[in-house]
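Residue numbers (the numbering used here): 185 to 592. The C-beta atom is built at its ideal place from N, Cα and C for all residues, glycine as well. Comments concern the structure below.
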């Protein structure tokens, strides 16, 4: 005899309480919806006192655009994030390792105080977790792991690892690039490996970063030095260094002194010597895009829907834009008396986000191919192109607006 279908005990069930999932739960709270948030590892605790030493930084950092900062401010979490530790950057310098091409961006050209803000991911998740705990309409199911998911006439029924069964009118996959919900429900994806991994670490530099995000395009992949707050007379940056798979292990295994020397050379000593490094980590680079973000009663957001090359730091910003849009269409539907999981409602979210995400993914892939090639015609093209764009204020301004998540 088949198991009885449980009643719809939640209007919205979010699987994954990372940045995107927690942000969605907070964005939907206070609107009369019954919300559940499922997380395998439990909600993060308060990060505690700020540790300004080299190893006190989370190696996972995000370059938030002004659009993302504005969204987090609307969720009433930005003050806590900013109070913990954040580093606005006002300039960005991008240059080619195999030529003379260079472009410089400045927030003053946009009449803005900053191009973006570097924030540790742990600070974002902790601030969101605090808001989640204070929301009476968000039920946290953690630590609980998704075991099964099946469609029903009214939505989706999920079974957790403790045997709990939950039914919701809208179930949202915010459970990361390897999304178990996406896999259980059979969402198809297009994906491929770049054959590279990104090395991440916190480093101490000889010179101050000058409130600048530095990015050098090497034939082996891009290298970014992203500014972090200083501590007394010590200067820190977060690095993201993309290398081919067959080169990464050897670089990660270098002694601290040898790694710092290799990194300084790769960065063309733009900040002088690299004086010290935290332990390094590396993660594989893979592009993945769900063919559909939605089905009746189900939506995918952020990394569960798309992953992108980190060279422009757009992953978290695309994910937060997904959250903002999905929350908007769900709340608009509620005002019209429509269920949150109605396909007509969810398709509005997909139409508004899928094209933008695909365009950014295509642009990043194009940049990667253009700057990763040693062919003479492409080297000439990128050098001339960078110089010409740098000399055209209107073009630079348009590029900056798009990268910063600002409306035209």
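Could you tell me how far apart the beta carbons of residue i and residue j are, in whole angstroms, since I believe they sit closer than 8 Å?
i, j, result
"residue 312", "residue 207", "6 Å"
"residue 389", "residue 419", "5 Å"
"residue 374", "residue 475", "6 Å"
"residue 431", "residue 404", "7 Å"
"residue 433", "residue 379", "Contact doesn't hold; Cβ gap of about 14 Å is too wide."
"residue 480", "residue 522", "Rounded, the Cβ-Cβ distance is 13 Å, inconsistent with contact."
"residue 321", "residue 218", "7 Å"
"residue 260", "residue 315", "7 Å"
"residue 482", "residue 342", "So it is not a contact: roughly 11 Å between Cβ atoms."
"residue 544", "residue 471", "Incorrect: roughly 11 Å between the Cβ atoms, too far for contact."
Give me the Cα-Cα distance between residue i and residue j, rounded to the nearest whole angstrom.
i, j, result
"residue 360", "residue 514", "21 Å"
"residue 427", "residue 487", "22 Å"
"residue 256", "residue 510", "15 Å"
"residue 344", "residue 336", "16 Å"
"residue 450", "residue 546", "26 Å"
"residue 557", "residue 381", "The pLDDT assigned to residue 557 is 49, lower than 50, so where the model puts this residue is not dependable, and the model offers no usable value."
"residue 327", "residue 294", "44 Å"
"residue 196", "residue 368", "18 Å"
"residue 409", "residue 454", "10 Å"
"residue 502", "residue 377", "20 Å"
"residue 362", "residue 371", "12 Å"
"residue 423", "residue 541", "24 Å"
"residue 349", "residue 469", "35 Å"
"residue 364", "residue 201", "14 Å"
"residue 297", "residue 272", "8 Å"
"residue 267", "residue 292", "24 Å"
"residue 406", "residue 459", "21 Å"
"residue 232", "residue 494", "29 Å"
"residue 535", "residue 392", "43 Å"
"residue 354", "residue 538", "19 Å"
"residue 352", "residue 402", "48 Å"
"residue 258", "residue 264", "13 Å"
"residue 194", "residue 221", "10 Å"
"residue 203", "residue 425", "23 Å"
"residue 356", "residue 491", "17 Å"
Who are the Cβ neighbours of residue i in its own chain at under 8 Å, not counting the five residues just before and after it?
i, result
"residue 317", "227, 324"
"residue 508", "211, 255"
"residue 185", "With a pLDDT of 41 at residue 185, under the threshold of 50, the modelled position of that residue is not reliable, and the figure given next carries that caveat. Result list for residue 185: empty, nothing under 8 Å."
"residue 517", "523, 524, 526, 529"
Given that a residue counts as buried once 16 or more other Cβ atoms are within 10 Å of its Cβ, and exposed if not, what is residue i?
i, result
"residue 524", "buried"
"residue 309", "buried"
"residue 280", "buried"
"residue 209", "buried"
"residue 285", "buried"
"residue 396", "buried"
"residue 439", "exposed"
"residue 239", "exposed"
"residue 230", "exposed"
"residue 366", "buried"
"residue 213", "buried"
"residue 242", "buried"
"residue 216", "exposed"
"residue 520", "exposed"
"residue 237", "exposed"
"residue 251", "buried"
"residue 332", "exposed"
"residue 334", "exposed"
"residue 582", "exposed"
Got a sec? Which residues, its chain only, sit under 7 Å from residue i by beta carbon, not counting five neighbours each side?
i, result
"residue 269", "234, 304, 307, 413"
"residue 489", "474, 477, 506"
"residue 436", "383, 464, 466"
"residue 253", "262, 301"
"residue 530", "478, 483"
"residue 411", "271, 273, 302, 393, 395, 396, 397, 421"
Could you name the residues of the same chain whose beta carbon sits closer than 6 Å to that of residue i, not counting the 5 residues immediately before and after it, in chain order?
i, result
"residue 205", "198, 358"
"residue 278", "287, 399"
"residue 457", "390, 448"
"residue 461", "385, 387, 440, 443, 444"
"residue 500", "246"
"residue 319", "213"
"residue 244", "305"
"residue 532", "513"
"residue 504", "252, 255"
"residue 415", "236"
"residue 592", "Bear in mind that a pLDDT of 49 at residue 592, under 50, signals an unreliable position, so the model cannot answer this."
- Message: Going residue by residue through the stretch 243 to 285, where are the continuous beta strand (DSSP E) segments of at least 3 residues, counting only ones entirely within it?
- Response: List check, beta strand (DSSP E) in window: 245 to 248, 271 to 273, 275 to 280.
- Output the residue ranges of the alpha helix (DSSP H) runs that lie fully inside the stretch 438 to 495 and measure 4 residues or longer, sorted by chain position. 440 to 450
- Item | alpha helix (DSSP H) segments (min. 4 residues) lying fully within the stretch 374 to 439 | Here the runs fully enclosed are 429 to 436.
- At 3 residues or longer, and completely inside the stretch 302 to 343: list those beta strand (DSSP E) runs for me, N to C. 322 to 325, 330 to 336
- Any alpha helix (DSSP H) of 4 or more consecutive residues that is wholly inside the stretch 197 to 251: 203 to 212
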